[in-house]
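Chains as they are written, first to last, in my numbering: chain A, 547 to 659; chain B, 14 to 128.
All residues carry an ideal CB built from backbone N, CA and C; glycine is no exception.
Since the structure is predicted, the reported quantities are computational estimates derived from the model, not experimental observations.
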Amino acid sequence: DVKVTQSSRYLVKRTGEKVFLECVQDMDHENMFWYRQDPGLGLRLIYFSYDVKMKEKGDIPEGYSVSREKKERFSLILESASTNQTSMYLCASTQTGGGYEQYFGPGTRLTVT
Amino acid sequence: GQQLNQSPQSMFIQEGEDVSMNCTSSSIFNTWLWYKQDPGEGPVLLIALYKAGELTSNGRLTAQFGITRKDSFLNISASIPSDVGIYFCAGPPNAGGTSYGKLTFGQGTILTVHP
Numbered sequence: 547d548v549k550v551t552q553s554s555r556y557l558v559k560r561t562g563e564k565v566f567l568e569c570v571q572d573m574d575h576e577n578m579f580w581y582r583q584d585p586g587l588g589l590r591l592i593y594f595s596y597d598v599k600m601k602e603k604g605d606i607p608e609g610y611s612v613s614r615e616k617k618e619r620f621s622l623i624l625e626s627a628s629t630n631q632t633s634m635y636l637c638a639s640t641q642t643g644g645g646y647e648q649y650f651g652p653g654t655r656l657t658v659t
Numbered sequence: 014g015q016q017l018n019q020s021p022q023s024m025f026i027q028e029g030e031d032v033s034m035n036c037t038s039s040s041i042f043n044t045w046l047w048y049k050q051d052p053g054e055g056p057v058l059l060i061a062l063y064k065a066g067e068l069t070s071n072g073r074l075t076a077q078f079g080i081t082r083k084d085s086f087l088n089i090s091a092s093i094p095s096d097v098g099i100y101f102c103a104g105p106p107n108a109g110g111t112s113y114g115k116l117t118f119g120q121g122t123i124l125t126v127h128p
C-alpha cells in the first residue's frame with residue numbers, strides 16, 4: 547500500500563520559532579509537494595521538488611524554505627514562524643509520467659501563538 | 014496563474030439525496046481530477062478524466078469532463094453519511110515545459126450529510 551507520512555499531526559509553536567515539518571514517501575516518487583490548506587482557499591502550493599536537492603517555488607513560497615537531501619524525504623522549514631502561518635500543511639508525492647495522481651499525507655495542523 | 018472555481022462552497026443534504034457540484038476555469042485544462050478529503054485526512058483521488066466529453070463512474074460517483082475543457086462536474090447519487098468531507102477538483106496547469114506532476118486545486122466543496 548502506498549504511503550506518505552508526516553512527522554506530526556498537530557504542532558503548536560511560538561512566534562519566531564524555527565519549525566521543521568517532515569514528509570516521507572515509500573513509493574520511490576521523483577516529485578514531492580508541500581501545500582497549505584486554509585478554509586475557502588483550497589490547497590495552495592508552497593514548494594515542490596522534482597529530484598534530490600532540486601526545488602522550485604510554488605504559488606506562496608514567502609516565509610518558507612524546503613530541503614530534499616534524500617529521494618524519500620521532503621522537509622518544509624518555517625525560518626521564523628508567524629501567526630499567519632497557522633494552517634494545515636499537506637505533503638504529497640507523484641511519479642513523473644504517472645497520470646497526475648498525487649498521494650497525500652494525513653496533514654500537520656500547525657498553530658503559531 | 015490558472016484558477017479553478019468550485020461551486021457550491023458548501024452543501025447540507027439529507028441521506029439518500031443526490032449531489033451535484035462543479036468546477037470551472039477561465040482557461041482550458043487537459044486533465045480533470047476529483048479528490049475527496051475525509052475529516053482529519055489528506056485528499057484521496059476519486060476520479061481522473063483525460064478527454065473532453067468523457068463521462069466516468071466510480072461506484073455512486075460520476076464525473077464529466079466538460080466539452081469546452083473549461084469545466085467539470087461531479088455527481089454523487091444516493092448519498093450516505095460517509096460521503097461527508099471536502100471535494101476538490103484539480104488539474105495540471107498549462108504552463109509549458111515539464112509540469113513535474115503539479116496540480117492546481119479548486120477551493121473545495123464541503124459536503125455535510127444528515128442521517
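C-alpha distance - residue i paired with residue j, whole-angstrom precision
{"i": "B/ASP31", "j": "B/PRO56", "result": "22 Å"}
{"i": "A/SER660", "j": "B/GLY104", "result": "Absent from the model: residue 660 of chain A. The displayed extent of chain A is 547 to 659, so no value can be given."}
{"i": "B/PRO106", "j": "B/GLY53", "result": "27 Å"}
{"i": "A/ASP597", "j": "A/ARG614", "result": "8 Å"}
{"i": "A/PHE566", "j": "A/TYR593", "result": "14 Å"}
{"i": "B/LYS64", "j": "B/THR44", "result": "7 Å"}
{"i": "B/ILE41", "j": "B/GLY79", "result": "10 Å"}
{"i": "A/ASP605", "j": "B/ALA91", "result": "37 Å"}
{"i": "B/SER70", "j": "B/SER33", "result": "14 Å"}
{"i": "A/GLN641", "j": "A/LYS564", "result": "30 Å"}
{"i": "B/THR75", "j": "A/LEU622", "result": "36 Å"}
{"i": "B/GLY131", "j": "B/GLY121", "result": "Within the shown structure, residues of chain B are numbered from 14 to 128, placing residue 131 of chain B beyond reach of any answer."}
{"i": "A/LEU589", "j": "A/GLN583", "result": "5 Å"}
{"i": "B/TYR113", "j": "B/THR37", "result": "23 Å"}
{"i": "A/LYS549", "j": "A/ASP574", "result": "10 Å"}
Residue-level contact to chain B via CB, residue i, 9 Å cutoff
{"i": "A/ARG505", "result": "The question about residue 505 of chain A has no answer, for chain A in this structure spans 547 to 659."}
{"i": "A/LEU636", "result": "yes"}
{"i": "A/TYR596", "result": "yes"}
{"i": "A/GLN648", "result": "yes"}
{"i": "A/LEU587", "result": "yes"}
Closer than 9 Å to chain A by CB, residue i
{"i": "B/LYS115", "result": "yes"}
{"i": "B/THR37", "result": "no"}
{"i": "B/LEU54", "result": "Checking the displayed sequence, the identity of residue 54 of chain B turns out to be Glu instead of Leu. Answer yes: the Cβ-Cβ gap between B/GLU54 and chain A drops below 9 Å somewhere."}
{"i": "B/PHE86", "result": "no"}
{"i": "B/VAL57", "result": "yes"}
{"i": "B/LEU74", "result": "no"}
{"i": "B/ALA103", "result": "yes"}
{"i": "B/THR44", "result": "yes"}
Beta-carbon spacing of residue i, residue j below 9 Å
{"i": "B/PHE86", "j": "B/GLN50", "result": "no"}
{"i": "A/ASP547", "j": "A/GLU618", "result": "no"}
{"i": "B/GLY98", "j": "B/ILE60", "result": "no"}
{"i": "A/GLY586", "j": "B/GLN77", "result": "no"}
{"i": "A/TYR556", "j": "B/PHE118", "result": "no"}
{"i": "A/TYR649", "j": "A/GLN552", "result": "no"}
Proximity test, residue i beta-carbon vs the ligand NAP heavy atom, cut-off 8 Å
{"i": "A/LEU622", "result": "Absence of the ligand NAP from the depicted structure is noted, as is the absence of any ligand whatsoever, leaving it without description."}
Note to self: Tell me which residues of the region 608 to 642 of chain A have at least one Cβ-Cβ distance to chain B shorter than 9 Å, keeping chain order.
What the structure shows: Hits within the stretch, in order: LEU636, CYS637, ALA638, SER639, THR640, GLN641 and THR642.
Item checked: Contact set between the region 22 to 34 of chain B and chain A, restricted to residues whose Cβ is under 9 Å from the partner -> If the cut-off is 9 Å between Cβ atoms, the region 22 to 34 of chain B has GLN22 near chain A.
Checklist line | Chain-ordered residues of the region 550 to 563 of chain A with a beta carbon less than 9 Å from chain B | finding: Of all residues in the region 550 to 563 of chain A, VAL550, GLN552 and ARG555 have a Cβ within less than 9 Å of some Cβ in chain B.
Next item on the list: Enumerate, from N- to C-terminal direction, the unbroken alpha helix (DSSP H) stretches of 4 or more residues contained entirely within the region 81 to 122 of chain B.
Entry: Listed in chain order, the alpha helix (DSSP H) elements of length 4 or more contained wholly in the region 81 to 122 of chain B amount to none.
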